[in-house]
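Quick mapping for you: the protein sequence lines, in order, are chains A and B. Our numbering puts the first residue of the first sequence at 4, with every later residue one more than the last. Our numbering puts the first residue of the second sequence at 368, with every later residue one more than the last. Presented below is the structure to which this report refers.
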Amino acid sequence: QKEVEQDPGPLSVPEGAIVSLNCTYSNSAFQYFMWYRQYSRKGPELLMYTYSSGNKEDGRFTAQVDKSSKYISLFIRDSQPSDSATYLCAPVSGSARQLTFGSGTQLTVLP
Amino acid sequence: GAGVSQSPSNKVTEKGKDVELRCDPISGHTALYWYRQSLGQGLEFLIYFQGNSAPDKSGLPSDRFSAERTGGSVSTLTIQRTQQEDSAVYLCASSLGVLSYEQYFGPGTRLTVT
Chain A
4 QKEVEQDPGP
14 LSVPEGAIVS
24 LNCTYSNSAF
34 QYFMWYRQYS
44 RKGPELLMYT
54 YSSGNKEDGR
64 FTAQVDKSSK
74 YISLFIRDSQ
84 PSDSATYLCA
94 PVSGSARQLT
104 FGSGTQLTVL
114 P
Chain B
368 GAGVSQSPSN
378 KVTEKGKDVE
388 LRCDPISGHT
398 ALYWYRQSLG
408 QGLEFLIYFQ
418 GNSAPDKSGL
428 PSDRFSAERT
438 GGSVSTLTIQ
448 RTQQEDSAVY
458 LCASSLGVLS
468 YEQYFGPGTR
478 LTVT
């Protein structure tokens with residue numbers, strides 16, 4: 004079993020929809036939970052991250068972590084066609100430095 | 368400011384040849400990472416450099432892979448005797464250092480082994 008599981012999709016939604024992207028993980032040592040966005044043939048771009056459990060909001064994006072259930076979510080409000088990309092969750096422990104990536108969810112927002 | 372840069376952007380090589388991939392981190396970033404992204408395996412960690420400390424090589428898949436970082440800045444990933452399964456996108460990332468978990472990625476080098 005992989006340390007980080009993510010539904011690969013693809014996920015297709017109409018413009019303006021609320022999108023929910025999710026990951027589960029098994030390593031209790033993970034403390035920081037990063038979300039990256041990757042456009043086709045580009046490097047991953049850091050969107051936002053949270054520390055431990057709780058919510059963090061940045062514009063149309065909200066990241067949520069529930070450490071008790073080892074569940075990570077990213078919500079996108081008022082989705083736009085420019086949000087069409089692959090979204091990768093990537094938790095990291097406090098001691099190790101390398102990111103452990105989920106497989107990524109491919110999102111398409113239809114105009 | 369300038370982001371992480373990588374060269375070449377694409378590399379096609381024959382099986383058995385050696386290749387070198389280059390990464391220029393963001394200026395002032397002391398930590399540098401190499402990852403590999405392939406269809407079957409997703410994004411995998413390869414190696415991590417922090418300042419002058421010994422690198423964390425725990426992700427290197429075989430002894431054909433090596434990396435060095437000169438002067439605490441530019442890094443080179445070398446793959447010897449390339450195999451077809453080495454075909455992937457090789458991504459470099461940098462971060463401010465031990466107090467930062469925010470890693471910023473370059474555009475990657477797409478390696479194809481024929």
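Backbone N, C-alpha and C fix where the C-beta goes; we use that ideal spot for every residue, glycine too.
Please decide whether residue i counts as near chain A, where near means a Cβ-Cβ distance under 8 Å.
i, result
"leucine 458 of chain B", "yes"
"proline 474 of chain B", "yes"
"glycine 426 of chain B", "yes"
"phenylalanine 412 of chain B", "yes"
"glutamine 470 of chain B", "yes"
Give a yes or no on whether the minimum CB-CB distance between residue i and chain B is below 8 Å.
i, result
"serine 106 of chain A", "yes"
"proline 114 of chain A", "no"
"glycine 46 of chain A", "yes"
"valine 95 of chain A", "yes"
"lysine 101 of chain A", "Contrary to the premise, residue 101 of chain A reads as glutamine rather than lysine in this sequence. At least one chain B Cβ lies under 8 Å of glutamine 101 of chain A."
"leucine 49 of chain A", "yes"
"tyrosine 90 of chain A", "no"
In angstroms with no decimal places, state the Cα-to-Cα distance between residue i and residue j.
i, j, result
"proline 422 of chain B", "proline 428 of chain B", "15 Å"
"valine 456 of chain B", "serine 405 of chain B", "6 Å"
"methionine 37 of chain A", "valine 68 of chain A", "10 Å"
"proline 94 of chain A", "alanine 434 of chain B", "24 Å"
"methionine 51 of chain A", "phenylalanine 104 of chain A", "14 Å"
"glycine 12 of chain A", "glycine 438 of chain B", "43 Å"
"arginine 44 of chain A", "glycine 475 of chain B", "9 Å"
"leucine 24 of chain A", "arginine 389 of chain B", "33 Å"
"serine 55 of chain A", "isoleucine 21 of chain A", "24 Å"
"glutamate 48 of chain A", "phenylalanine 432 of chain B", "26 Å"
"phenylalanine 78 of chain A", "phenylalanine 64 of chain A", "6 Å"
"glycine 407 of chain B", "serine 106 of chain A", "9 Å"
"threonine 380 of chain B", "arginine 403 of chain B", "17 Å"
Going by Cα to Cα distance, which pick from the options is closest to residue i?
i, options, result
"glutamine 83 of chain A", "A:Cys26, A:Glu60 and A:Ser15", "A:Ser15"
"serine 425 of chain B", "A:Ala99, A:Val7 and A:Leu49", "A:Ala99"
"aspartate 430 of chain B", "B:Gly407, B:Leu444, B:Arg436 and B:Ser440", "B:Leu444"
"valine 7 of chain A", "A:Gly19, A:Ser31 and A:Pro17", "A:Ser31"
"glutamate 469 of chain B", "A:Cys26, A:Tyr28, A:Thr53 and A:Thr27", "A:Thr53"
"threonine 481 of chain B", "B:Gly407, B:Ser454 and B:Val465", "B:Ser454"
"leucine 410 of chain B", "B:Ala369, B:Cys459 and B:Leu463", "B:Cys459"
"alanine 491 of chain B", "B:Ser372, B:Tyr471 and B:Ser374", "The structure shown does not extend to residue 491 of chain B, since chain B is modelled only from 368 to 481, so the question has no answer here."
"proline 114 of chain A", "A:Lys70, A:Arg40 and A:Ser87", "A:Ser87"
"glycine 370 of chain B", "B:Gly395, B:Trp401 and B:Gly464", "B:Gly395"
Could you give the DSSP three-state label for residue i: helix, strand or coil?
i, result
"glutamate 469 of chain B", "coil"
"glutamine 417 of chain B", "strand"
"aspartate 423 of chain B", "strand"
"glutamine 373 of chain B", "strand"
In chain order, which beta strand (DSSP E) runs of at least 3 residues are fully inside the stretch 378-409 of chain B? 386-391 and 398-405
Mind listing, in chain order, the continuous beta strand (DSSP E) runs of no fewer than 3 residues lying wholly within the stretch 88-113 of chain A? 88-96 and 108-113
Could you pull out every unbroken beta strand (DSSP E) segment of at least 3 residues lying fully inside the stretch 5-91 of chain A, listed in chain order? 7-9, 14-17, 22-28, 33-41, 48-54, 57-61, 64-69 and 74-79
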